[in-house]
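Participant: Positions 1 to 368 (UniProt numbering) are the ones given, in order, by the sequence shown.
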Amino acid sequence: MEAISKKKILITLPSLKNDPGGVAHYYRSVMPYLYESDNIGIKIFEIGSTQGKNKLFHQITDQIKFIKQIISMKPDLVHINPSLNFKSFIRDGLFVFWAKKQKIKVVVFFHGWEQKFEKKIHGVLLKFLNLTYKKADSFIVLASEFKAALNILKIKEKIYILTTAVNESLLKRFSIEKKIKRMKDDSTIHILFLSRLEKKKGVFETIDAFKLLLNKQYSITLSIAGDGSLTKEIVEYIDRLGLNNSIFMPGYVKGEEKIDIFEKHDIYCFPTYYGEGMPTSVLEAMAFGMSVVTRPVGGIKDFFKNGKMGYLCENTSPEIIAEMMEKIICDKKSMLNTAEYNYNYAKKHFIASVVAKKLLTIYGNCNL
1 MEAISKKKIL ITLPSLKNDP GGVAHYYRSV MPYLYESDNI GIKIFEIGST
51 QGKNKLFHQI TDQIKFIKQI ISMKPDLVHI NPSLNFKSFI RDGLFVFWAK
101 KQKIKVVVFF HGWEQKFEKK IHGVLLKFLN LTYKKADSFI VLASEFKAAL
151 NILKIKEKIY ILTTAVNESL LKRFSIEKKI KRMKDDSTIH ILFLSRLEKK
201 KGVFETIDAF KLLLNKQYSI TLSIAGDGSL TKEIVEYIDR LGLNNSIFMP
251 GYVKGEEKID IFEKHDIYCF PTYYGEGMPT SVLEAMAFGM SVVTRPVGGI
301 KDFFKNGKMG YLCENTSPEI IAEMMEKIIC DKKSMLNTAE YNYNYAKKHF
351 IASVVAKKLL TIYGNCNL
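1) Give the secondary structure of M290 by DSSP, where H, G and I count as helix, E and B as strand, and everything else as coil.
2) Which runs of the beta strand (DSSP E), 3 residues or longer, sit entirely within the stretch 301 to 347?
3) Residues in its own chain within less than 7 angstroms of I159 by CB, not counting five upstream and five downstream?
4) Of the choices S246, F248, S317, Y345, whose alpha-carbon is the least far from that of M290?
5) Taking the continuous alpha helix (DSSP H) assigned at F57, which residues delimit it?
6) Anyone know if the C-beta pair for residue 413 and G41 falls short of 8 angstroms?
7) Hey, is H349 close to the ligand SAH, as in C-beta under 7 angstroms from one of its heavy atoms?
8) With a threshold of 6 angstroms on Cβ separation, who are the neighbours of I180 within its own chain once the five nearest residues in sequence on each side are excluded?
9) Compare the Cα-Cα distances from A356 to each of N167, R182, Y273, K333 and report the closest residue.
10) May I ask which residues mark the beginning and end of the beta strand (DSSP E) holding V108?
11) Evaluate the contact criterion for the stretch 315 to 324 versus the stretch 204 to 216: three or more CB pairs, one atom per stretch, below 8 angstroms.
12) Skipping 5 residues on each side, what residues in its chain have a beta carbon closer than 7 angstroms to that of G226?
13) Ignore the nearest five residues each way along the sequence and tell me which others in residue 371's own chain have a CB closer than 8 angstroms to its CB.
14) Taking the CB atoms as reference points, tell me whether P271 and E205 lie closer together than 8 angstroms.
15) Determine the closest residue to K254 out of V282, L192, L170, with distance taken between C-alpha atoms.
16) In angstroms, rounded to a whole number, what distance separates the CA positions of E118 and F288?
17) Could you have a look at Y268 and say whether DSSP puts it in helix, strand or coil?
18) Using a Cβ-Cβ cutoff of less than 7 angstroms, which residues in the same chain neighbour Q69 once the five nearest sequence positions on both sides are dropped?
19) Give the single residue among R295, P14, G299, S29 whose Cα lies nearest to the Cα of S317.
20) Check for me: the beta strand (DSSP E) holding E36 runs from which residue to which?
21) Do the CB positions of L359 and V106 come within less than 8 angstroms of each other?
22) Would you list, in sequence order, the uninterrupted alpha helix (DSSP H) runs of no fewer than 4 residues that lie entirely inside the stretch 214 to 262?
23) If you scan the stretch 124 to 173 from start to end, which runs of the alpha helix (DSSP H) of 4 or more residues do you find wholly inside it?
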């Protein structure tokens with residue numbers, strides 16, 4: 001009887017097995033806790049696997065498959081995760097439209113927000129927004145500024161602000177006490193940049209800031225973890241600067257490698273100027289007791305305590321980034337206090353089980 005009484009929820013998602021993106025990463029972390037719920041039954045409607053030439057054909061078949069799915073399943077709620085690009089915006093907006101035609105409750109979760117695309121919404125896509133997304137029952141965003149953007153678009157429905165999530169499996173064998181002891185005993189400060197290697201993520205600015213600090217004779221190292229289109233260019237840049245002995249490039253890391261690299265580093269430097277929602281890597285770094293030097297993008301500025309968790313850089317100048325890292329390097333006592341504070345804060349607010357519980361509350365508020 002319990003299984004029959006469960007509320008049925010259909011979630012539109014990219015492949016959780018193969019997709020490296022932030023949305024898939026988020027749901028790989030929270031989905032085990034959603035499945036554990038006694039009150040809901042989850043089914044995934046997979047999207048995004050359209051790598052053939054005939055994209056229009058895939059768009060049409062996606063809609064047909066979705067309509068068939070909601071008619072056969074009769075879900076109590078559909079949870080949609082659009083991206084702010086044209087293809088996704090149209091596809092997922094139509095999903096909202098078909099679900100509301102069937103009188104199904106809809107939650108829309110925007111994981112990021114691009115200002116350039118927002119201008120298009122205010123222009124040619126405004127009518128489409130009004131006919132589709134505006135009919136949703138609730139919205140979830142990752143930052144207060146994204147909520148304000150929806151308000152400007154005259155979306156009056158409930159808008160919730162959530163964070164991304166730290167996968168608890170990363171922290172299974174992590175001890176903050178051992179890390180603090182290692183930091184006390186180690187005279188070298190280890191800096192980490194971990195991200196896709198793209199220009200707007202701030203990788204070159206990080207290298208330049210690191211060089212400025214090296215010139216001041218600080219005992220420091222920098223690891224650049226990740227892969228991407230700029231890998232070769234970054235390797236050549238490091239070589240030109242003569243920093244091969246101080247900068248390490250382990251490539252893309254996951255699983256035990258990722259745990260190991262977070263455990264062995266003290267400062268996370270991420271001076272991004274990309275259209276971030278809530279960068280999970282920042283939350284992961286905090287969970288591993290790292291001081292963070294980043295920028296006030298997306299949801300970061302909604303929670304970040306400047307000077308207590310690390311430092312926010314108002315611009316991407318290498319001089320400013322170096323200055324913020326220098327404050328941490330020169331005050332080891334504060335760095336150790338930050339390690340414990342960030343670890344505890346992340347455990348309380350960002351761990352996947354905590355975030356999943358908040359998501360379940362939002363589902364419950366939809367009066368299923």
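From the three backbone atoms N, C-alpha and C, an ideal C-beta is built for every residue, glycine too.
Facilitator: Reading it off the structure:
1) Within the sequence shown, the letter at position 290 stands for residue 290. Looking at M290 - three-state DSSP - the assignment turns out to be coil, as it is neither helix nor strand.
2) Those beta strand (DSSP E) runs which fall completely within the stretch 301 to 347 and span 3+ residues are 310 to 312.
3) On the sequence shown, position 159 is the one that residue 159 refers to. Around I159: F139, V141, K147, L150.
4) One-based indexing of the sequence shown puts residue 290 at position 290. Cα-wise, what sits closest to M290 is Y345.
5) For the purposes of this step, residue 57 is taken as the residue at position 57 of the sequence shown. Counting along the chain, the alpha helix (DSSP H) containing F57 begins and ends at 55 to 73.
6) Only positions 1 to 368 of the chain appear in the structure, and residue 413 is not among them; the question remains open.
7) With respect to small molecules bound, the structure shown includes none, and the ligand SAH cannot be examined in it.
8) What you label residue 180 is simply residue 180 of the sequence shown in a count that begins at 1. Cβ neighbours of I180 beyond the five flanking positions: L336, A339.
9) One-based indexing of the sequence shown puts residue 356 at position 356. Its Cα nearest to that of A356, the residue N167 stands out among N167, R182, Y273, K333.
10) To locate residue 108, count along the sequence shown from 1; it is residue 108. Run containing V108: 105 to 109, per the beta strand (DSSP E) assignment.
11) Short answer: they touch.
12) Against the sequence shown, residue 226 aligns to sequence position 226. Closer than 7 angstroms at the Cβ level, and outside the excluded window around G226, lie L194, S195, R196, L197, Y252.
13) No answer is possible for residue 371: it lies beyond the span of the chain, which begins at 1 and ends at 368.
14) Along the sequence shown, one-based indexing puts residue 271 at 271. Along the sequence shown, one-based indexing puts residue 205 at 205. Here P271 is near E205, since their CB atoms are less than 8 angstroms apart.
15) Counting from one through the sequence shown, the residue named residue 254 turns up at place 254. K254 has its Cα closest to that of L170, out of V282, L192, L170.
16) On the sequence shown, residue 118 is found 118 positions in, with the first residue counted as 1. On the sequence shown, residue 288 is found 288 positions in, with the first residue counted as 1. Roughly 35 angstroms between the two C-alpha positions.
17) Position 268 of the sequence shown holds residue 268. The answer is strand: DSSP assigns Y268 an E or B state.
18) Indexing the sequence shown from 1 puts residue 69 at position 69. Within its own chain, the residues whose Cβ lies closer than 7 angstroms to the Cβ of Q69, once the five positions on either side in sequence are excluded, are L10, F45, listed in chain order.
19) As a working note, residue 317 is residue 317 in the sequence shown. Selected option, being the one with the closest Cα: R295.
20) Against the sequence shown, residue 36 aligns to sequence position 36. No residue range can be given for E36, since it is assigned to no beta strand (DSSP E) and is classified by DSSP as neither H nor E.
21) In the sequence shown, residue 359 corresponds to position 359, counting from 1. In the sequence shown, residue 106 corresponds to position 106, counting from 1. Going by beta carbons, L359 and V106 fall outside the 8 angstroms limit.
22) Listed in chain order, they are 231 to 241.
23) Complete alpha helix (DSSP H) runs here, min 4: 126 to 131, 144 to 152.
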